[in-house]
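Residue numbers (this note's numbering): 358 to 500.
Here a beta-carbon is modelled for each residue, glycine too, at the ideal position from N, C-alpha and C.
Have a look at the structure below before the remarks.
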Amino acid sequence: MHKSAQIDTHPLFDRALSDLSERYPSLQQDILNSFYTYVSSETAYLPETFGRDSIFNEPYLAQRAKLRHLHICLPPSTFDVNRCQQDRKNPLGDPENDVFLVYVRHEFYEHRFLIVALLQPDAHALARDTEVMKQLGYIAQEF
């Protein structure tokens, strides 16, 4: 990346972290620091709390906007560092530990990122909710 990564956050993300701040006081700053290093390294640096990173395939609006989701662990949990990134997934059937960091990279300014939301609990179920995904897709598209 030629320029330092620029990370913006959407109010949806800020609200989600605000709701979690009592249980995890430093979570927002920890996520932002880890994400900054992760994207600045072009994903070469992989924190133990970050897992699979992939584009949403549905709905089409989210896919077209290149909306992505990154599996993350909430403290004190971590992923097995011996597993490759694509195999680091949140467990289905454990809604409290099923968390996605939803983000998008700017189409023209590749050093810019918007963290849109933190989907939890039961991120996989939320990702199947068409209305939720349309809202996230619109936000990504506007970025």
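Neighbourhood of residue i by C-beta, 7 angstroms cutoff - its chain only, sequence neighbours within 5 removed
i       : result
Ile-496 : His-367, Val-473
Pro-416 : Thr-487, Met-490, Lys-491, Gly-494
Leu-374 : Leu-384, Gln-385, Leu-475
Ala-482 : none
Tyr-393 : Ala-362, Ile-364
Reference residue i, options the options, closest by Cα
i       : options                            : result
Tyr-395 : Gln-420, Gly-408, Ser-383          : Gly-408
Gln-498 : Leu-418, Ser-434, Pro-433, Leu-431 : Leu-418
Asp-365 : Arg-440, Arg-485, Ala-480, His-463 : His-463
Leu-377 : Tyr-393, Phe-392, Leu-431, Leu-389 : Leu-431
Arg-421 : Gln-477, Asp-387, Phe-413          : Phe-413
Arg-425 : Phe-436, Phe-470, Pro-382, Gln-477 : Phe-470
Phe-370 : Arg-485, Ser-391, Val-459          : Val-459
Pro-382 : Arg-485, Pro-433, Arg-445          : Pro-433
Beta bridge counterpart(s) of residue i as assigned by DSSP
i       : result
Tyr-460 : Arg-425, Ile-472
Ile-412 : Arg-425
Gln-363 : Arg-469
Phe-343 : As displayed, the chain neither begins before 358 nor continues past 500, which places residue 343 out of reach and without an answer.
Own chain residues within Cβ distance below 8 angstroms of residue i, not counting five before or after
i       : result
Pro-448 : Asn-454, Asp-455
Gly-450 : none
Residues near residue i by beta carbon distance below 6 angstroms, same chain, minus five either side
i       : result
Leu-438 : The displayed chain sequence assigns Val, not Leu, to residue 438. So the list reads Glu-405, once near-sequence residues are dropped.
Arg-380 : none
Heavy atom of the ligand HEM within 7 angstroms of residue i beta-carbon
i       : result
Val-456 : Questions concerning the ligand HEM fall outside what the structure shown contains, since it holds no ligand whatsoever.
Whole-Å CB distance - residue i paired with residue j, under 8 angstroms assumed
i       : j       : result
His-428 : Phe-457 : 6 angstroms
Gln-442 : Leu-403 : 6 angstroms
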